[in-house]
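Residue numbers (UniProt numbering): 5 to 358.
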Ligand code: KG4
Ligand code: ZN
C-alpha cells in the first residue's frame, strides 16, 4: 500500500527513539538519551539503559504523536528494533511495541537496527534538518555500500535492496569505532563521550605527528579480513605512547595524540569502505551512526569519494545517530514492498544478523 503511517520504536542502546513517518515523509523524531547517566561510568551501562527506556518510552511516544499531529488509531503499523543491541534495552522496546500493536490491533514489523540506519537516508520532509555536504535528498539508489559507525557497531554493508538484499561485508572484530574514541579519550583524561572531545583537542594537533597503526590493513590481514575492522591495537598503541611519555616525565602532547589517533581511525574506515566500492563496482557510499559527527571523517570522506568518482551520502546527524524515524522508515518500506508483518512470537536478539 502507498505511504503507510508507521510509528517506529528504537531502544537498542542508550537512545529511546520514537519516530513517525508517512511513507518516506518524516513526521516526527523524538529522542530521549540516557547518555548523561552513563557518563560517570565511561560507557553505556546496560541495566541503566534498559531502566531509562522504561521511564522514557511512554512520554516519547506521546511527544512523537503530538508532534506528528496524528492519533495512535490512525497508524497503519508499528515497527520496532528487535536487534542487534543490548538485550535488556531491546526487550523494553519490543515489549512496548507488542503491547501497542495488540491494544491498537495494528500489524507489527520487527526490524534490524543496522538496516534501519540505511533506511534513514530515505527520509524526506521539513523535519529532515541540516543536510550535509551531499545536499541531496533524491531517492537512495541501489546498490550502495553503507559504512555504519557508532559506539556499538562498525559495519560495512552491501545494500542491493533495502528490504530484501542486504549483505554484511565486514565488521569490527574487537572495539567499535566510537568505543575506540571513548577509550582513547579516557586515556587522555577527557570525559565521556569521547568523540566530540577528541575532535575538540585535535584542533590544535598535528595528525602526522605520530604514526599509529592501521589495524587489519597489512596485505596478510587484508587477505582474510578485507572488510573487517580492528581498533584494539590502535588503542593499545596510544596507551603505550602516553605511558612512555609519562614514565619519562615528559608532557603528553594531547593535541597531537588526538589528531593522529583520529587520522588513523578515519583512514582505516574510509580505506575499507572505498575498497568495497571498488571491488563491487558500486559508485555510492552511505555513512551512518554517531561517529559520523566527526568532522575529520566527513572531510576526508568527501575528498576521497570525490577523487574516486563516488557519490557520498550522509543523512543529517539527527538521523545518523540512533533514532526511531529510521526504524519507522524501514517498516514503511517493508509494507510498501508487500512484506507480511511479524507474528507476535519474535523476541529481542542481541546478535541479530543483517
Ligand atoms: O550512534 P550513537 O549516538 O550511539 C550509539 O553508539 O548507540 O554513537 C555514539 C558514539 C560514541 O562512542 C561517541 O564517542 C561517538 O559516537 N561520537 C563521535 C563523535 N561524536 C560522537 N566519535 C567521533 N567523533 C565525534 N565527533
Ligand atoms: Zn546504531
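For each residue, glycine too, the CB sits at the ideal point set by N, CA and C. Remember, it's a predicted structure, so these values are computed and weren't measured experimentally.
Return helix, strand or coil for residue 128, following the three-state DSSP convention.
Note: residue 128 maps to strand in three-state DSSP.
Which word fits residue 332, buried or exposed, when buried means at least 16 other C-beta atoms lie within 10 angstroms of its C-beta?
With 16 or more Cβ atoms within 10 Å of its Cβ, residue 332 is classed as buried.
Could you check the C-alpha separation between residue 139 and residue 100 for me, to the nearest Å?
Legend: pLDDT at residue 139 = 46, less than 50; position of this residue unreliable, value from coordinates given subsequently. Spanning the two alpha carbons is a distance of roughly 36 angstroms.
Under 8 angstroms between the Cβ atoms of residue 2 and residue 292?
Any question about residue 2 goes unanswered here, given that the chain covers just 5 to 358.
Could you check whether residue 147 and residue 286 sit closer than 8 angstroms to each other, using their CB atoms as the reference points?
Taking 8 angstroms as the Cβ cut-off, residue 286 and residue 147 qualify as a contacting pair.
Would the C-beta of residue 121 count as close to ligand 2, meaning under 7 angstroms from any of its heavy atoms?
True, at least one ligand heavy atom lies under 7 angstroms from that Cβ.
Across which residues does DSSP place residue 317 in a beta bridge pair?
Per DSSP, 290.
Which residue marks the beginning of the alpha helix (DSSP H) containing residue 264, and which one marks its end?
Unbroken alpha helix (DSSP H) run through residue 264: 258-284.
Is residue 117 near ligand 2, in the sense that its beta carbon is under 7 angstroms from a heavy atom of that ligand?
It does: the Cβ of residue 117 is within 7 angstroms (strictly closer) of some heavy atom of ligand 2.
Report the partner residues of residue 177 according to the DSSP bridge assignment.
None, per the DSSP bridge assignment.
So, is residue 343 buried or exposed, given that buried needs 16 or more other C-beta atoms within 10 angstroms?
Classification for residue 343: exposed.
Flag this pair as yes or no: are the beta carbons of residue 98 and residue 336 separated by less than 8 angstroms?
For residue 98 and residue 336, no; Cβs fall outside 8 angstroms.
Should residue 97 be counted as a contact of ligand 2 given a C-beta to heavy atom distance under 7 angstroms?
No, Cβ of residue 97 sits at least 7 angstroms from all heavy atoms of ligand 2.
Can you determine whether any heavy atom of ligand 2 sits closer than 7 angstroms to the C-beta of residue 322, and answer yes or no?
Incorrect: residue 322 has no Cβ contact closer than 7 angstroms to ligand 2.
Kindly list the residues whose CB is nearer than 6 angstroms to the CB of residue 49, restricted to its own chain and excluding five residues on each side of it in sequence; keep chain order.
42, listed in sequence order.
Give the secondary structure of residue 309 by DSSP, where H, G and I count as helix, E and B as strand, and everything else as coil.
It is helical.
Return the chain-ordered list of same chain residues with a C-beta closer than 6 angstroms to the C-beta of residue 27, the five sequence neighbours on each side being excluded.
These residues qualify, in order along the chain: 7 and 336.
Would you identify the three-state DSSP class for residue 6, choosing helix, strand or coil?
The answer is coil: DSSP assigns residue 6 none of H, G, I, E or B.
For residue 73, I'd like the list of residues in its chain whose CB is within less than 8 angstroms of its CB, leaving aside the five on either flank, ordered along the chain.
Taken in chain order, the residues that qualify are 31.
How would you call residue 223, buried or exposed, if buried means at least 16 neighbouring beta carbons within 10 angstroms?
With fewer than 16 other Cβ atoms within 10 Å, it is exposed.
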